[in-house]
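Accompanying notes for the structure given below.
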Amino acid sequence: MTPPPEPCYIHANALVLGEIGLLLRGPSGAGKSALTLQLIEDWRARGDFAALVGDDRVALEARHGRLIAHPHPSIRGMIEARGLGLLRVDYEPACVVRAVIDLLALERSPKRYPDASDTTTELSGVTLPRMFENAASFGALTRIAACIQNLATN
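Counting with the working numbering, you get residues 331 to 484 for the letters of the sequence shown.
Set out below in structure tokens:
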């Protein structure tokens with residue numbers, strides 16, 4: 331029997347909001363960790379389940395047409411908060427990624443009407459819905475919540 335392939339690590343954050351796994355990608359300093367913490371806090375404040383899967387580096391693997399994210403073993407259960415350093419947080423050992431949010435550099439904004447080619451992305455052979463966002467933008471949390479609500483009802 332062939333052993334499973336080694337996981338592919340990427341520079342990204344993974345989290346679970348309700349039953350939806352998200353992958354946040356973006357350049358260093360784009361706000362991935364800060365947005366992850368905000369989303370988790372916002373979901374929990376509403377009484378919904380939310381947890382970190384991985385910060386900064388996550389492993390991705392395709393299984394049965396789904397993309398699974400795992401934390402990197404060396405930073406499992408930790409997230410960086412700028413100005414505070416690494417914080418220990420509750421985490422989940424894995425999630426099924428249902429959408430990708432690509433964070434833009436802080437001085438950029440997403441297109442008002444995205445091109446059709448911008449609405450999906452392929453990772454490890456799995457095609458996923460994708461949106462672009464600026465983590466510091468007013469309304470970012472609301473737009474991400476709308477994306478998740480749409481995924482939850484479809």
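Glycine residues also receive a C-beta, built at the ideal position from the N, C-alpha and C atoms.
Measuring CB to CB, does Ile398 end up less than 9 Å from Val426?
yes
With 16 other Cβ atoms within 10 Å as the buried cut-off, status of Ala476:
exposed
My guess is that Ala375 and Leu347 are in contact by the Cβ rule of under 8 Å, so how many angstroms apart are they, rounded?
About 12 Å; that fails the 8 Å criterion.
Going by alpha carbons, who is nearest to Ile370 out of Pro357, Val388 and Glu349?
Glu349
Considering Cα atoms alone, identify which of Gly351, Met461 and Asp385 is closest to Arg396.
Gly351
Rounded to whole angstroms, what's the CA-CA distance from Val419 to Trp373? Just pull it up for me.
15 Å
Sort Tyr443, Gly413 and Phe462 by Cα distance to Leu433 and report the nearest one.
Phe462
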